[in-house]
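Numbering (my numbering), first residue to last: 745 to 869. Every residue gets a Cβ at the ideal spot worked out from N, C-alpha and C, and that includes glycine. Computed from a predicted structure; not experimentally measured. Here's the structure we're looking at; comments come further down.
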Ligand code: HEM
């Protein structure tokens, strides 16, 4: 079976997705809550999410090669993440997937997969 990485369109498309995701987070009022959890510059976040998603989607494990095991939940503990933050992150990603032109079936599959990871990051009531 083809990986999500291949179906999205490989490296260039993963970059486009991550860039659109952080552009939206930076520009849209509805994502202000999660934008404020991030550093002033989103440059490092863009690079790290790109490296992480490459492996998460079934491509090369670039994040692991560079930084080792992601321990994603632990890395998110310094940020208060509840349902509103999870839902903002999800809306931002859903919009980004739409904006870069992914087909609907693929978007739905990825949405379910992203939701599980996003929900796992919750660390407050
Ligand atoms: C549930 C809502 C989420 C919130 C509010 C959130 C927020 C954050 C914040 C504030 C950072 C630190 C960035 C900085 O220092 O500027 C971060 C890092 C990161 N996030 Fe999330 N995140 C969420 C979900 C996710 C999900 C679902 C994924 C993956 C599918 C993800 C992947 C990452 C990665 C790879 C990093 C970089 C980790 C590192 O420092 O090496 N996040 N996130």
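Could you tell me whether any Cβ in chain B is nearer than 9 Å to the Cβ of residue i?
i: residue 801; result: Any reference to chain B falls outside this structure, which holds one protein chain only.
For residue i versus residue j, is the C-beta distance shorter than 9 Å?
i: residue 745; j: residue 816; result: no
i: residue 802; j: residue 747; result: yes
How long is the line joining the alpha carbons of residue i and residue j, rounded to whole angstroms?
i: residue 784; j: residue 827; result: 23 Å
i: residue 850; j: residue 759; result: 17 Å
i: residue 798; j: residue 754; result: 8 Å
i: residue 795; j: residue 858; result: 16 Å
i: residue 833; j: residue 788; result: 17 Å
i: residue 807; j: residue 800; result: 9 Å
i: residue 751; j: residue 823; result: 32 Å
i: residue 781; j: residue 825; result: 9 Å
i: residue 843; j: residue 757; result: 12 Å
i: residue 848; j: residue 854; result: 10 Å
i: residue 818; j: residue 846; result: 30 Å
i: residue 776; j: residue 805; result: 30 Å
i: residue 772; j: residue 778; result: 11 Å
i: residue 860; j: residue 831; result: 12 Å
Closest by CA to residue i, which one among the options?
i: residue 810; options: 793, 829 and 769; result: 793
i: residue 790; options: 844, 852 and 761; result: 761
i: residue 820; options: 846, 863, 757 and 848; result: 863
i: residue 774; options: 869, 835, 861 and 781; result: 835
i: residue 868; options: 749, 779 and 829; result: 829
Spell out a yes or no on whether the segment 838-852 and the segment 757-773 are touching, meaning 3 or more CB-CB pairs, one atom from each, closer than 8 Å. Touching, yes.
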